[in-house]
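Here the structure is laid out as structure tokens; the discussion comes afterwards.
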Amino acid sequence: MGLARLTKGLSRAEPFVLLFVVVGAVLITFIALPLVATVVYEGPGDLVTALEDPEVRSAITVSFGAALLATALSLVFGIPLAYIMARKQFPGKGVLQGIIDVPIVVPHTVAGIALLVVFGRMGMFSDEMSALDLKFEDHLLGIIAAMMFVSASFVVNAVREGFEAVDPRLEHVARSLGASGSQAFMTVTLPLSGSAVLTGAVMAWARAVSEFGAVYIIASFPKIAPTLMYERNLHSGLSESMPVAALLVVLCVGIFVTFRTVSVYLKKRSEET
Amino acid sequence: MISVKGLSYSAGEFNIHDISFDVEEGETLVVLGPTGAGKTVLLEILAGCRHPRSGSVAVGGRDVTHLPPEKRGIGLVYQDYLLFPHLDVFRNIAYGLRATDLGHDEVDSEVRATAAQMKVSHLLHRRTRNLSGGEQQRVALARTLITRPKAVLLDEPFSAVDPNTKEALMRELSGILEDRGLTTVYVTHDQVEAMEMADRIAVMNAGRIVQIDTPEEVFRAPRSEFVANFVGIRNILKGVARREGSTTLVSVGGIGLVSSVELQGDVHVTLRPEDIIVSRHKLESSARNSLSGEVVSVVEKGPVVYVTAACGVELTAAVTKESFKELRVTLGDEVFMTFKASNVNLF
Numbered sequence: 001m002g003l004a005r006l007t008k009g010l011s012r013a014e015p016f017v018l019l020f021v022v023v024g025a026v027l028i029t030f031i032a033l034p035l036v037a038t039v040v041y042e043g044p045g046d047l048v049t050a051l052e053d054p055e056v057r058s059a060i061t062v063s064f065g066a067a068l069l070a071t072a073l074s075l076v077f078g079i080p081l082a083y084i085m086a087r088k089q090f091p092g093k094g095v096l097q098g099i100i101d102v103p104i105v106v107p108h109t110v111a112g113i114a115l116l117v118v119f120g121r122m123g124m125f126s127d128e129m130s131a132l133d134l135k136f137e138d139h140l141l142g143i144i145a146a147m148m149f150v151s152a153s154f155v156v157n158a159v160r161e162g163f164e165a166v167d168p169r170l171e172h173v174a175r176s177l178g179a180s181g182s183q184a185f186m187t188v189t190l191p192l193s194g195s196a197v198l199t200g201a202v203m204a205w206a207r208a209v210s211e212f213g214a215v216y217i218i219a220s221f222p223k224i225a226p227t228l229m230y231e232r233n234l235h236s237g238l239s240e241s242m243p244v245a246a247l248l249v250v251l252c253v254g255i256f257v258t259f260r261t262v263s264v265y266l267k268k269r270s271e272e273t
Numbered sequence: 001m002i003s004v005k006g007l008s009y010s011a012g013e014f015n016i017h018d019i020s021f022d023v024e025e026g027e028t029l030v031v032l033g034p035t036g037a038g039k040t041v042l043l044e045i046l047a048g049c050r051h052p053r054s055g056s057v058a059v060g061g062r063d064v065t066h067l068p069p070e071k072r073g074i075g076l077v078y079q080d081y082l083l084f085p086h087l088d089v090f091r092n093i094a095y096g097l098r099a100t101d102l103g104h105d106e107v108d109s110e111v112r113a114t115a116a117q118m119k120v121s122h123l124l125h126r127r128t129r130n131l132s133g134g135e136q137q138r139v140a141l142a143r144t145l146i147t148r149p150k151a152v153l154l155d156e157p158f159s160a161v162d163p164n165t166k167e168a169l170m171r172e173l174s175g176i177l178e179d180r181g182l183t184t185v186y187v188t189h190d191q192v193e194a195m196e197m198a199d200r201i202a203v204m205n206a207g208r209i210v211q212i213d214t215p216e217e218v219f220r221a222p223r224s225e226f227v228a229n230f231v232g233i234r235n236i237l238k239g240v241a242r243r244e245g246s247t248t249l250v251s252v253g254g255i256g257l258v259s260s261v262e263l264q265g266d267v268h269v270t271l272r273p274e275d276i277i278v279s280r281h282k283l284e285s286s287a288r289n290s291l292s293g294e295v296v297s298v299v300e301k302g303p304v305v306y307v308t309a310a311c312g313v314e315l316t317a318a319v320t321k322e323s324f325k326e327l328r329v330t331l332g333d334e335v336f337m338t339f340k341a342s343n344v345n346l347f
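As they're listed, the protein sequences go chains A and B. Quick note: the first sequence uses the working numbering, first residue 1, plus one each step. Quick note: the second sequence uses the working numbering, first residue 1, plus one each step.
Here's what the structure looks like:
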């Protein structure tokens, strides 16, 4: 049915559209082929073997867990910021938006170094941190900080767009009906932005889980999955690192696709009602 | 009930300049003006959603200028109703009861009672997206009325309603407002709506209230050219007035008119088209003004025909289609235009 429609559509397409289809297909192949090849090259048996390796399991747990915590922190701090950015006009707003976006352009290793300058053993807050017994370098906190640094922008920008799409007059109505500002936010603006929040969280989590450079600089231990991959590839070569790589592709793509599907479904449902 | 003093506001293209008015308990004040006059901004200031640069707003004798919207006891209904899209009709109506300490059963019975009064009981479990304009309006009103506001602000309530049902809805709304003794500020750009709903009309233009009067006064005696134009008075002339005995003689472009307005010097003259009687022969009547002239244009507009004759100055009269048929006038015919001195408004 779907294929029949596709063939029918293509047979009616103008020449330039056909050309675009071919050119676009090159890019899709370029992205998909290495991933598919990595998985296919390893049999399912090797994936199971990789999953049974305790070092692999621990690395994946650290990766996914740290990314989840980084995303949660980004939501806690990012949602209020997104609301301010969506609703208020103030001098310096452009600069603020620039700061929010800057982690996207900073090379990841540079981001790691920059975090060390602040949170490292010899960093700006070394005294305060040792007084509080807080460690970032080679510690889970460092991993979370690095992941949050590179992924928080996705939360702020997606949620901001979600808030902007909610008519501020809905908040006016809520308040004229007796709701305080925060009640109006919690009962009207936030629920109406649910799918945007989920989209931002999924994007941020995906970004966090795929981060290597910044994390490796601030914390090469505990090992996250990309660190494990990198070290195995360095010491034992492709044959050792491939099964882990294949496993990561399957898990990450699986989780990403699932959540994307859910958030797209939520968005569609909220548009229909 | 509502007392507004010296209100000024500016934000980009929306400005409010030094607006003052009072709305009495139970009164409906209609704010009438063209799009962009600042009517909605005015309502949002009254509701507390925007903060005025200067001036004050008092409700029931209490200064609310610096109170947030939820502490004012003023209901606000926007022209597109803005029902909460993520809540069904029941939860929309119940929204304002969240902040109260009513129990579940009390909320339920309150919502049902209000829904019944607004005739939306059958919609309670519907989503809001597919309701008609009229249904959305009823739900929005129910949602506001359930909180028992001291006053309500209605922004173009009938702009999204089917014109065929508008008339009946208007009568119904005006009944509800009256039954509840609600103090109302009602915004519209439609003169007929204003005429029908208003106890008093405030005509607004470019952020200012240019006239505030009873509907009759506004339509019979506009105090500025803007108001005259806006309320559809087609005959606006300039002349010089002088008092003679108990009447005023106005000379306008070489002809003389009699007016009962006591005014002298340079004046604007306005005359509503429906106040002019058109006839083929001179009428024997008590009307003080009777001019003859040649018909220069005939324009049909709905049930009304506008007949314009050059009587020294051009005057336009409105006649119904039936009387126009009986008149049997065409371009170039000589007609008489007769009107009372009391209908000749000067400002």
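By construction, the Cβ of each residue, glycine as well, lies at the ideal position given by its N, Cα and C atoms.
Nearest candidate by alpha-carbon position, reference residue i, set the options
i, options, result
"Gly-207(B)", "Met-1(B), Ser-8(B), Val-4(B)", "Ser-8(B)"
"His-66(B)", "Leu-346(B), Cys-49(B), Leu-263(B), Gln-264(B)", "Cys-49(B)"
"Glu-110(B)", "Arg-126(B), Glu-284(B), Asn-92(B)", "Asn-92(B)"
"Val-359(B)", "Ala-11(B), Phe-14(B), Asp-22(B)", "No answer is possible for residue 359(B): the residues shown for chain B start at 1 and end at 347."
"Thr-227(A)", "Leu-3(A), Ala-59(A), Leu-116(A), Asp-167(A)", "Ala-59(A)"
"Arg-207(A)", "Gly-162(A), Leu-3(A), Ser-63(A)", "Ser-63(A)"
"Glu-70(B)", "Gln-183(A), Lys-223(A), Ser-151(A), Leu-51(A)", "Gln-183(A)"
"Phe-256(A)", "Ser-270(A), Val-202(A), Ile-224(A)", "Val-202(A)"
"Thr-28(B)", "Gly-103(B), Pro-34(B), Ile-176(B), Thr-183(B)", "Thr-183(B)"
"Leu-327(B)", "Val-278(B), Thr-308(B), Val-185(B)", "Val-278(B)"
"Ile-79(A)", "Ala-50(A), Pro-44(A), Ala-204(A), Ile-104(A)", "Ala-204(A)"
"Asp-275(B)", "Leu-83(B), Arg-112(B), Arg-220(B)", "Arg-220(B)"
"Arg-175(A)", "Ala-47(B), Gly-33(B), Ala-341(B), Val-31(B)", "Ala-47(B)"
"His-125(B)", "Glu-193(B), Asp-108(B), Pro-34(B)", "Asp-108(B)"
"Leu-190(A)", "Val-173(A), Ile-218(A), Leu-177(A), Arg-160(A)", "Arg-160(A)"
"Leu-271(B)", "Asn-235(B), Leu-177(B), Val-231(B), Ile-255(B)", "Asn-235(B)"
"Val-252(B)", "Val-304(B), Gly-312(B), Ser-342(B)", "Gly-312(B)"
"Ser-20(B)", "Met-337(B), Ala-37(B), Val-210(B), Val-258(B)", "Val-210(B)"
Spatial distance of residue i from residue j (CA atoms)
i, j, result
"Leu-42(B)", "Ile-16(B)", "7 Å"
"Ser-224(B)", "Asp-190(B)", "18 Å"
"Ala-86(A)", "Thr-40(B)", "22 Å"
"Asn-229(B)", "Ala-179(A)", "42 Å"
"Ser-292(B)", "Arg-129(B)", "59 Å"
"Val-215(A)", "Ser-263(A)", "28 Å"
"Gly-315(B)", "Glu-334(B)", "Sequence check: residue 315(B) is Leu here, not Gly. So the two alpha carbons sit approximately 13 Å from each other."
"Pro-215(B)", "Leu-169(B)", "20 Å"
"Gln-137(B)", "Arg-148(B)", "17 Å"
"Asp-18(B)", "Glu-44(B)", "16 Å"
"Thr-247(B)", "Ser-260(B)", "5 Å"
"Leu-6(A)", "Gly-24(A)", "15 Å"
"Val-304(B)", "Thr-330(B)", "16 Å"
Start-to-end residues for the alpha helix (DSSP H) that takes in residue i
i, result
"Tyr-83(A)", "54–87"
"Asp-105(B)", "104–117"
"Gln-97(A)", "93–105"
"Arg-169(A)", "168–176"
"Gly-142(A)", "140–164"
"Ser-323(B)", "321–327"
"Thr-7(A)", "2–12"
Helix, strand or coil at residue i according to DSSP, with G and I counted as helix
i, result
"His-268(B)", "strand"
"Phe-339(B)", "strand"
"Ala-50(A)", "helix"
"Ser-367(B)", "Outside the modelled stretch of chain B, which goes from 1 to 347, sits residue 367(B), for which no answer is possible."
"Met-124(A)", "coil"
"Ile-255(B)", "strand"
"Ala-142(B)", "helix"
"Glu-244(B)", "strand"
"Val-261(B)", "coil"
"Ala-151(B)", "strand"
"Ser-292(B)", "strand"
"Thr-308(B)", "strand"
Where the beta strand (DSSP E) through residue i begins and ends
i, result
"Gln-211(B)", "208–213"
"Val-231(B)", "No beta strand (DSSP E) contains Val-231(B), which DSSP labels as neither H nor E."
"Leu-331(B)", "Segment: none, Leu-331(B) is in no beta strand (DSSP E) and carries neither H nor E."
"Ala-37(A)", "Counting along the chain, Ala-37(A) falls outside any beta strand (DSSP E), though it belongs to the alpha helix (DSSP H) covering 15–41."
Chain D contact for residue i (CB, 7 Å cutoff)
i, result
"His-86(B)", "Of the protein chains in the structure, A and B, none is chain D."
Q. What are the uninterrupted segments assigned as beta strand (DSSP E) that are 3 or more residues long and contained completely in the stretch 155–190 of chain B, given in chain order?
A. 183–188
Q. Can you give, in chain order, each stretch of the alpha helix (DSSP H) that sits fully within the stretch 182–254 of chain A and has at least 4 residues?
A. 194–209, 213–218, 225–236
Q. Can you give, in chain order, each stretch of the beta strand (DSSP E) that sits fully within the stretch 1–45 of chain B and has at least 3 residues?
A. 2–11, 14–23, 28–32
Q: Would you mind listing the alpha helix (DSSP H) stretches within the stretch 58–82 of chain B that are 4+ residues and don't spill past its ends, in chain order?
A: none
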